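>
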Amino acid sequence: MILPKQYRCTHSPTCQCTRGHLNEDVLLLVFQHLNWNPKLVATLSCVCKWFDDFAKRVLWKEFCKTRAPRMMLDLQSSGSHCIDGNWRALGKLLIYCTGCTEGGLFNSSVQIPGHFVYRTRFSRTLGRSLLPPQCRTDVLYVSDPCEHLDQGEEGDVGLFRGIFKSFPTSKVRKVIINKAVPFHPSEVCPYCKAKLWSMLQANIIPQSACARLEAYEDCIEYFVCLNGHLLGICTLAPLSDSEEAVPSEDSNHAEKKQDNCLAKENGLKRRHSLLGGSENGPSPQKRLTSSNQCNID
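At position 97 of the sequence shown the residue is numbered 97 (full-length UniProt numbering), and the sequence of numbers has no breaks.
1. Jot down the residue ranges of each uninterrupted beta strand (DSSP E) in the segment 28-59, minimum 3 residues, whole runs only, in chain order.
2. Taking all protein chains shown into account, decide if glutamate 102 is buried (16 or more other Cβ within 10 angstroms of its Cβ) or exposed.
3. Let me make sure I understand the geometry here. Which of Arg121, Cys100, Phe106 and Tyr96 has the alpha-carbon closest to that of proline 69?
4. Can you give me the C-alpha to C-alpha distance between tryptophan 50 and leucine 90, rounded to a whole angstrom?
5. Please list, in chain order, all residues of the same chain as valine 181 whose beta carbon is under 6 Å from its beta carbon, the five residues on each side excluded.
6. Examine chain D for any beta-carbon lying closer than 9 Å to the beta-carbon of alanine 209, and answer yes or no.
7. For alanine 215, which of helix, strand or coil comes out of DSSP?
8. Roughly how many whole angstroms lie between the Cα atoms of aspartate 53 and glutamate 221?
9. Cutting at 6 Å between CB atoms, please list the residues of its own chain near valine 110, excluding the five before and the five after it.
10. Comparing C-alpha positions only, which one of Asp25, Leu159, Lys61 and Gln207 sits nearest to residue 313?
11. For serine 77, does the count of other Cβ atoms within 10 angstroms reach 16, so buried, or fall short, so exposed?
12. Spatial neighbours of glycine 228 within its chain, please: C-beta separation below 6 Å, excluding the five flanking residues on both sides.
13. Considering only their Cβ atoms, is the gap separating leucine 126 from leucine 213 smaller than 9 Å?
14. What are the start and end residues of the alpha helix (DSSP H) that includes glycine 152?
15. Taking the alpha carbon of threonine 169 as the point to measure from, which residue in Leu140, Ser186 and Glu147 has its own alpha carbon closest?
16. Check whether the Cβ atoms of valine 157 and cysteine 234 sit closer than 9 Å, and answer yes or no.
17. Just mark threonine 98 as buried or exposed, buried being the case when its beta carbon has 16 or more other beta carbons within 10 Å.
18. Please report the straight-line C-alpha distance between leucine 73 and alanine 237, rounded to a whole angstrom.
19. Is the CB-CB distance between leucine 59 and valine 47 below 9 Å?
20. Let me check understanding here. Comparing Cα to Cα, which of Asp25, His115 and Gly232 lies closest to aspartate 144?
21. Which residue wins for smallest C-alpha separation from arginine 67, given the options Asn35, Gly104 and Arg57?
22. Tell me the rounded alpha-carbon separation between cysteine 135 and valine 172.
23. DSSP state of phenylalanine 167, grouped into three classes?
24. What is the residue span of the beta strand (DSSP E) that isoleucine 233 lies within?
25. Just the C-alpha distance for tyrosine 118 and serine 45, rounded to the nearest angstrom, thanks.
26. Taking the alpha helix (DSSP H) that leucine 73 falls in, what are its first and last residues?
27. Count the other CB atoms within 10 Å of the CB of valine 186; is the residue buried (16 or more) or exposed (fewer)?
28. Would DSSP call aspartate 156 helix, strand or coil?
29. Report the start-end ranges of each beta strand (DSSP E) in the segment 115-148 that is 3 residues or longer and not cut off at the edges.
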């Protein structure tokens, strides 16, 4: 990959980088060999403004394309060469769960620290279930809930995040603007620092969201920022509810099967008695005769 455009470093008075920088092509090959390690990319961004600019333009973009190639291809299929917000914000969204603070964005009573996620699946189908019926043509990718279990009175908490495709032209944005939904008074997007709208306050959270996330009704909330980044929280339904239902169905099925077997056994006994045999079955001679008849027929 050839990068013809070069950027000059803007040094601060205390900058020790007086001998210039490596060529951009060399840096690109180095990080390609390192598989676009996000920790190293973030470390490089702290060296000086030139490295920070190079990471924003190139390294974070390549990181996103490597981690989620089909998702990135779809997000750019509308002709845009830059994801809304910037590539660094999207890279952080892919690998970082922001958690929640007590009384913060979600007005939660629990404190869940932010953390990096080793592997996350983003689903377009899941995103569609979080959209109101009139906005189902929008494209939204949402991660599977990051489960934080046994959070006291809150129960099992699930945190999820996502991103819209071409959010400035999306129907969700038009609905929010038409309803004159105000921005959150204090909180901003943890990924790009843009202002946030509450989907709950806009009253456009569909019932399918709870079913798809396996969460309790009226225990789900999510926000979307000006750049189309989505972050939400829900109270997950415990697995024991479904586990208790399964054995009852299995036991009913077993009882029915046992009753059918008993009825079949009683029917065989009655048929054997009509044939003149004992309770254990017809005599060997009659059994042989009936078998020969079957073969002949």
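Beta carbons: idealized from backbone N, C-alpha and C, even for Gly. All values derive from a computational prediction rather than experimental measurement.
So, from the listed chains and residues:
1. none
2. exposed
3. Arg121
4. Distance between the alpha carbons of tryptophan 50 and leucine 90: 20 Å.
5. Trp197, Gln201 and Ala202
6. The structure shown has no chain D; it contains just one protein chain.
7. strand
8. Straight through space, the alpha carbons of glutamate 221 and aspartate 53 are spaced by roughly 35 Å.
9. Gln151 and Glu154
10. For residue 313 there is no data in the structure shown, the boundaries of the chain being 1 and 297.
11. Its Cβ having fewer than 16 others within 10 Å, serine 77 is exposed.
12. Asp84, Ile163, Phe164 and Phe167
13. yes
14. Here glycine 152 belongs to no alpha helix (DSSP H), and DSSP marks it neither H nor E.
15. Leu140
16. Cβ atoms of valine 157 and cysteine 234: closer than 9 Å.
17. buried
18. Leucine 73 and alanine 237 have their C-alpha atoms some 34 Å from each other.
19. Inclusion of leucine 59 and valine 47 in the CB contact set at 9 Å is not warranted, their separation being larger than that value.
20. Nearest Cα to aspartate 144 within the set Asp25, His115 and Gly232: Gly232.
21. Asn35
22. Between the alpha carbons of cysteine 135 and valine 172 lies a gap of roughly 6 Å.
23. helix
24. 229-236
25. 22 Å
26. 69-75
27. Note that residue 186 is serine in the sequence shown, not valine. Under this definition serine 186 is an exposed residue.
28. Of the three classes helix, strand and coil, the one that applies to aspartate 156 here is strand, per DSSP.
29. 140-143 and 146-148
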